[in-house]
Structure formats: C-alpha cells, structure tokens
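J.:
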Amino acid sequence: MLKVYNTLSREKEEFIPLEKGKVGIYVCGLTVQNYSHLGHIRGAVNYDVIRRYLEYKGYEVRYIQNFTDINEKIFERAREERMTPEELAEKYTQAYLEDIKRLNIKGATHYVKATDNIDEIIKMIEKIIENGYAYEVNGNVYFDVEKYTDYGKLSGRTLEEMQAGARVDIVEEKKNPLDFALWKKAPEGAIDWDSPWGRGWPGWHIECSAMSTKYLGESFDIHGGGSDLVFPHHENEIAQSETCTGKPFAKYWLHNGSVNFKGEKMSKSVGNFFTTRELLEKFTGRELRYYILTFHYRSPIEFSLEEVKNTSAGLRKIDNTLKNLLRLKESKTKEGALKNGKYKVSINEYKKAFEEAMDDDFNTARAIGIIHEFLREINSVINHMDFQLTGENMVVVNEAYEFLNTGMSILGIEKENPVIDERNTEILNDLITFILDVREEARKRKNWEMADMIRDGLNELGIIIKDTPQGVVWERVSE
RNA sequence: GGCGGCAUAGCCAAGUGGUAAGGCAGAGGACUGCAAAUCCUUUAUUCUCCAGUUCGAAUCUGGAUGCCGCCUCCA
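Under the numbering used here, the first sequence is numbered contiguously, ending at residue 993.
This is the structure:
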C-alpha cells in the first residue's frame, strides 16, 4: 500500500487517486531567469522518481510542470542580458531542459508557461471576483484573505498569527496586508496584457491555479514543489482555486526539502549556490542523482562536494555488480555442471523490501540501502570459487540482474549497457584480447615484471585488468 | 517576534513502541605472484540533554540546548 506524506494533513496517508489507474501531478517549476542550481534539480529528481514509481505501480501519469516566464525578475534580467524577456525566458528554459536531461529526468508530459495562458488566468480572476473573494483597486486585483475562512490551512497558521508576525509592507490600497495580487498593473514600458482591469500582468500565484486546472481538472491528485513554496505560493493557490471552483483543489500536497550549503539555503540571492552546469563538470549526472536520492525527499540536504564524491563509491559498487551479472548472462551455461541448490537467493524478499521502502512515502534512502544489502548477497554468490554457471544458477543471475536493473530504473540511475561499450570496436577487442594473451603467457612463465608492465601500460590507457577466478576481464574506465 | 521541522558512529544517512538498515572512511582476515574486484569479521550496550508515560522508548509526552526552514523573491 502506497503511503504519501500530505502537507495538508501533516500525516502519511494512503494514496488513492481520484480516478482509478490515473494520476495527475502538477509540480511548480522555476522562474526561467537564470541557469538552474542544485536546489531546483533536487526537486526535479525527487518528483521524477515519484513519477517513475507511480508508473512502475501501473498508473498512467500526467505530469505538468510550469515555467514562470513573466515577472519583475525576468524584466530585470532581460535588461542585464540585453535581450527581450521572451528571449531570456526561452534561453533559460532550454538550458533547464538540457540540465534535467543530463540527470536522466524524464521531463513533464506537458510543460506550460504563464504567457501562453493569459486568457485562462483572466477568466479565473473574473470568477473569483464574481464569487466575492477578490476586489479591484487602481488596476490591481487583490485576493481578499479575510473572506476565505480556510486561509492558512496548508501552512498551518491562522490569519491572526500571520498578522502578528507580519513582515509584509503595508500597501494602502489593500484591505488586509496579507491580501495578495491576482492581477498587477504593469510598470511603464513593460510587456503587458489587456484585461478588464486595464493593462497589466498576472500575479505570481494565479498562473499555477489556472494552468493546473486547465491541464488536470478542477481537482487533481498531487501537487508538488519545494518546501519554501508552502507559504505563500501554495497557500494562495489553494485560496484562489477553491474560491473559484468551490471544489477541493489538489488532494495530496508534497514538498521536497531544501538544499543548504554553508549552513544556509542555497539561493541566488545569498549567492551560496552551485549551478547544475558547474556540478556537472565535477560529477556525472548519475552521481549527482544518486547523491540526491540517498536522502529522503523531505529532508533538507546539507550539500557537500566531498560527500558527493564519497557517496559515488557506493554507486560504483552497484555498477560493478551489474557488470559482473551482465558478463555472466552473456556467457554460455555449462551443461551438465553440478546442480547447486545452495545458491538460491531470495530475490523476492529484496524486491518486496524495496517496494515497501518506496511505498513508504518514496523512501529512496532505504530503498538504496536494500539494494546494497542485496549486493552483498549476490556478490558473495557469483564471486564464490565454487560458483558454476549451471542452468539453475543462470536463473539466479537473470533474476538478480532483472531486480537490480528494475530498481535502478525506478531510481533513474540505470545504465544503458554497462558492459558493451560502443567505443569498444571489434579491432580494439581483438587487440586487447591479444595483449592479454601475451600477458597470460608471461604469467605462466612467472615473468611478473612483464605481466605487470602490460597491466600498468593498459591502465594508463584507461583500461583496467582484473584477474578474477573466472579468468581475466577488462573494461574501460567509465566517463 | 510568530509558525513549523530536525538532532542517530569519524563523516553521510534510514528507522514502523519490541531491543539500532545502508553507504563512505578505518582496522583485521580470505582470495591473488602482486594488484584490482569481491567476500568475511570488526567499528553506536545506545540515538543532544533532563524528566515523564509504558512490561518495554531513538520512536510517545513535557522541558532545556543547538541547528535549519517559512513568515520577502524562492525549488
């Protein structure tokens, strides 16, 4: 049974989609004003795994993500980079899509952006005004928080509490300082749109309400985003949507933890961030992704370059086992070899444990732990001196490979083909096989100097030699 | 100031009231001509501290301390 932690109830709840077999997810993306950093990517990886696991469970997933492409920041940055706001948004949207590709993120089924949905946004605002929850002053439209009695239900605070500790600038024309803009009169010279309230542009929160409703319906299953969006962004989305439609908005609210660095949340304004691109110069996308997934998605990450490096050793261990399994899969079974019952591996137990971990609010950290426990068991079997590739053992090898491979693809750290490397052309293969034959001959004659010279020489060319009990194997250093 | 969360080994990190997963690093051993890879053993009598509930607490309650997030643009 899949359980998810719902910010709305502050509890783990059984996941039951509104429509059987289908799941609608809306994830708040980013304002496309600069290159993405690790904080953005962390969320994207987390929701990608959630999506992959739901698909693994057989759900048909509709995954919507937005790009905020119109606001003050976009204009500011467009001026800095001397391009139009559209060009700027397009540039960083493309950059983001490239970044997530390198982290093996499947990507949304639909990407949506505010500027493509101005009509929907205006209609929604009109409806909210009509229902009596918003008012217009001087070309601005504000949501009236005092009218909406549920205001604060997501972030768990009351209007009184919020007012007590308010840090909001007092804007004279607002009825309550916490009233937020649905439509803003645009500054001079800005790109703006016609509306019943004059020219302007949408407030930040309304685009997500309008677009999620358009693509997923008035009520849908999962709404996700970073924990820093709980208030005010998601609180306001609920307020707008529910006063517009009169129906419950998203059923489950999921929030991923932040990425901190040097004791503070990684952010553009603090300046303590690594862009995804910078990190991809130091690590592979798989390494970063694996690192992210060693944390539970709701826990904050105190980021450390050193830790990414250390954690990657664990990933290499998984890769090694996969390589070894694949090698065995591709070798011939020894007919008539002894039937060996003692090499039974309880793969189903591990599979069950893996699923239980994922069912428990997508606990990838635990799931990875289970994979490593499995590694120990399967490695001890296939590396055992007595291990022979009988038909029975071949079944074990195949099932083990299948299990690992499936687990890896749920986590999105699958490797296309760990052994067959397209760089290994036939001639290269033959050449190395020949060199290794020479080395074997040297070893037979106990000419260790010669044997080691060959091994070291190949090593420098990026080829690693391993003398396993099953014979000599070689591979190229990955990446 | 208001609201919420977290504190688990040298480091990172799971943890469902029933006796502390996993990874990295370290130590010892097996295998090996030496390596690499892998396996085995070992590394928290205890989960920040103090009370309480309970037969039983890392888990629940209260308090203290420390750290983080949100309340302003944020993923």
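Beta carbons are placed, not taken as given, at the ideal position from N, Cα and C, and that holds for glycine.
Return the Cβ separation of residue 819 and residue 796 in integer angstroms, given the expectation that the two are a contact with Cβ distance under 8 Å.
T.: Correct: roughly 7 Å between the Cβ atoms.
J.: Where residue 786 and residue 741 are concerned, what is the direct C-alpha to C-alpha distance, given to the nearest angstrom?
T.: Those two C-alpha atoms are separated by around 18 Å.
J.: Rounded to whole angstroms, what's the CA-CA distance from residue 713 to residue 699? Just pull it up for me.
T.: Spanning the two alpha carbons is a distance of roughly 6 Å.
J.: Who are the near neighbours of residue 788 in its chain, counting only those whose CB is closer than 7 Å to its CB and skipping five residues on each side?
T.: For residue 788, where only same-chain residues beyond five positions count, the Cβ hits under 7 Å are 551, 552.
J.: With 16 other CB atoms within 10 Å as the buried threshold, where does residue 685 fall?
T.: Its Cβ having fewer than 16 others within 10 Å, residue 685 is exposed.
J.: What's the call for residue 962, buried or exposed, on a 16-neighbour Cβ count within 10 Å?
T.: With fewer than 16 Cβ atoms within 10 Å of its Cβ, residue 962 is classed as exposed.
J.: To the nearest angstrom, how far is the alpha carbon of residue 859 from that of residue 617?
T.: Cα to Cα, residue 859 sits roughly 32 Å from residue 617.
J.: Given residue 756, which residues of its chain have a CB within under 6 Å of its CB, disregarding the five upstream and five downstream residues?
T.: Contacts found: 763.
J.: Starting from residue 708, trace the alpha helix (DSSP H) both ways and give me its first and last residue.
T.: Unbroken run through residue 708: none, as it is neither H nor E.
J.: Between the C-alpha atoms of residue 778 and residue 814, what's the straight-line distance to the nearest angstrom?
T.: Going by the C-alpha atoms only, they are around 11 Å apart.
J.: In the structure shown, what three-state DSSP assignment does residue 881 receive?
T.: Of the three classes helix, strand and coil, the one that applies to residue 881 here is helix, per DSSP.
J.: Considering only the alpha carbon of each residue, which of 804, 900, 668, 758 lies closest to residue 765?
T.: With distances taken between Cα atoms, residue 765 lies closest to 668.
J.: Can you give me the C-alpha to C-alpha distance between residue 549 and residue 531, rounded to a whole angstrom?
T.: So the two alpha carbons sit approximately 34 Å from each other.
J.: Here's the rule: buried if 16 or more other CB atoms are within 10 angstroms of the residue's CB, otherwise exposed. What is residue 940?
T.: Residue 940 is exposed by the Cβ-count criterion.
J.: Would you mind working out which of 588, 619, 615, 594 sits nearest residue 604, comparing C-alpha positions?
T.: If we check each option's Cα against that of residue 604, 588 comes out closest.
J.: Rounded to whole angstroms, how far is the Cβ of residue 655 from the Cβ of residue 711, which I believe are closer than 8 Å?
T.: Their Cβ separation, rounded to whole angstroms, is 6 Å, which keeps residue 655 and residue 711 in contact under 8 Å.
J.: Just tell me which of 894, 633, 584 has its CA closest to the CA of residue 708.
T.: Closest option to residue 708, Cα to Cα, is 633.
J.: Could you name the residues of the same chain whose beta carbon sits closer than 6 Å to that of residue 743, not counting the 5 residues immediately before and after it, in chain order?
T.: Closer than 6 Å at the Cβ level, and outside the excluded window around residue 743, lie 542.
J.: Does residue 914 come out as helix, strand or coil in the three-state DSSP assignment?
T.: Helix, per DSSP.
J.: Pick from 915, 873, 878: whose alpha carbon is nearest that of residue 892?
T.: Here the closest residue by C-alpha is 915.
J.: Give the list of continuous alpha helix (DSSP H) stretches no shorter than 4 residues that lie fully inside the region 787–822.
T.: The qualifying runs are 790–796, 799–807.
J.: For the beta strand (DSSP E) that contains residue 737, what are its first and last residues?
T.: Counting along the chain, the beta strand (DSSP E) containing residue 737 begins and ends at 734–740.
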